[in-house]
Amino acid sequence: MEATVIRWQLISPEPEAAASFYQRLFGWAVTQDNHLGYREVKSSGVHGIDGGIWPAPAGQPGFVQLFVEVPNLDACLASAVRLGAKVIVPPTVLPDGDAMAILLDPTGVSLGVCTLAPRPA
Amino acid sequence: MDLRARLSAELERRQKANPRYSLRAFAKNLGTHHTTLLRVLRQGRRLTPAMTRRLGQRLGLTHAQIAGALAHEQDAAVLSLVPHSSFRSDSRWLAMMTGLPLDQVNITLQRLLSGRRLTMHTARTWTREGT
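So the sequence lines, in the order shown, correspond to chains Z and G.
What the first sequence shows, in this note's numbering, is residues 3 to 123, in sequence order.
What the second sequence shows, in this note's numbering, is residues 10 to 140, in sequence order.
See the structure below:
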């Protein structure tokens, strides 16, 4: 299966403070021009990938999650479950048309898998 | 935790112990006005976060129980909008309609998705569990 890490996501109990920190530290641009008000972070430069910041529920620690683009979300989830993963957010079509799900791998680490909607040229 | 149900149960318990115990007395004990309490219990008025915390503390709930009550109210507020005729799959619209901060709306959406209580089928079509 072709699978590429396309995005990192920081789950932060203080998303605004986190965005401000990384803007000031690395000069990353943070925008929220999307239907979820999701903080999209331009961090890629020449070699890297972009990311985003999502709020953590009260009392939960922050962590970093990777998003992996796959050709077929349902097939990927079926394989993941067969290999011992647990689906914690089922397939979900976001308002921008991208589809994603969140897994807990067999070692307890969460990651996102997604398929991207076609982007305007 | 459904604070509304907890309040009703507590009122019923007190009235069973003392048949003359009134809603007005209960409201006074909770530090709120009886018409406010009446609207919450009988007319489904939304509980604000401040009201949820205050009533929860007066009922002797733990921090975890109060957090659960807050989440319950936020979940209900967001879910109530899904069948709305002018529904928009947009967190800012949900924030405006519920009065919740944008980040709190997104935390609520994540909780509802994880709990399979909300499904986002397409970019515009969301359904609540059981609909």
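Note that CB positions come from ideal geometry on N, CA and C, so glycine has one too.
Small disclaimer: the values here were computed from a predicted structure and weren't measured.
Item	Value
Closer than 9 Å to chain G by CB, Ala194(Z)	Since the first residue shown for chain Z is 3 and the last is 123, residue 194(Z) is missing from the structure and cannot be characterised.
Alpha-carbon spacing of Ser112(Z) relative to Glu21(G), whole angstroms	44 Å
When Glu4(Z), Val91(Z) and Ile13(Z) are compared against Glu42(Z), the one with the closest alpha-carbon	Ile13(Z)
Those residues which DSSP pairs with Val89(Z) across a bridge	Leu105(Z)
Residue nearest to Leu111(G) in terms of C-alpha spacing, selected from Asp99(G), Leu121(G) and Leu122(G)	Asp99(G)
CB contact flag (Pro17(Z), Trp56(Z), <9 Å)	yes
Contact under 9 Å by Cβ, Ala132(G) with Gly54(Z)	no
Burial state of Val48(Z), where buried means 16 or more other Cβ atoms lie within 10 Å	exposed
Nearest-angstrom beta carbon gap, Met10(G) and Gln74(G) [assumed within contact, 8 Å]	5 Å
Leu122(G) to Leu75(Z) span [Cα, whole Å]	16 Å
Contact with chain Z by Asn115(G), beta-carbon distance below 9 Å	yes
Buried or exposed by the 16-neighbour rule on C-beta atoms within 10 Å, applied to Glu82(G)	buried
Listed by chain order, chain G residues near Trp56(Z) by CB distance under 8 Å	Asn115 and Gln119
Within chain G, the residues that Val91(Z) reaches when beta carbons sit closer than 8 Å	Gln119, Leu122 and Ser123
Proximal residues of chain G, C-beta to C-beta of Leu94(Z) below 8 Å	First, the amino acid is wrong: residue 94(Z) is Thr here, not Leu. Going along chain G in sequence order, the residues near Thr94(Z) (Cβ under 8 Å) are Leu122, Thr128 and Met129.
Cβ-heavy atom distance, Ala80(Z) to the ligand MG, below 8 Å	For the ligand MG, the structure offers nothing, since it holds no ligand at all.
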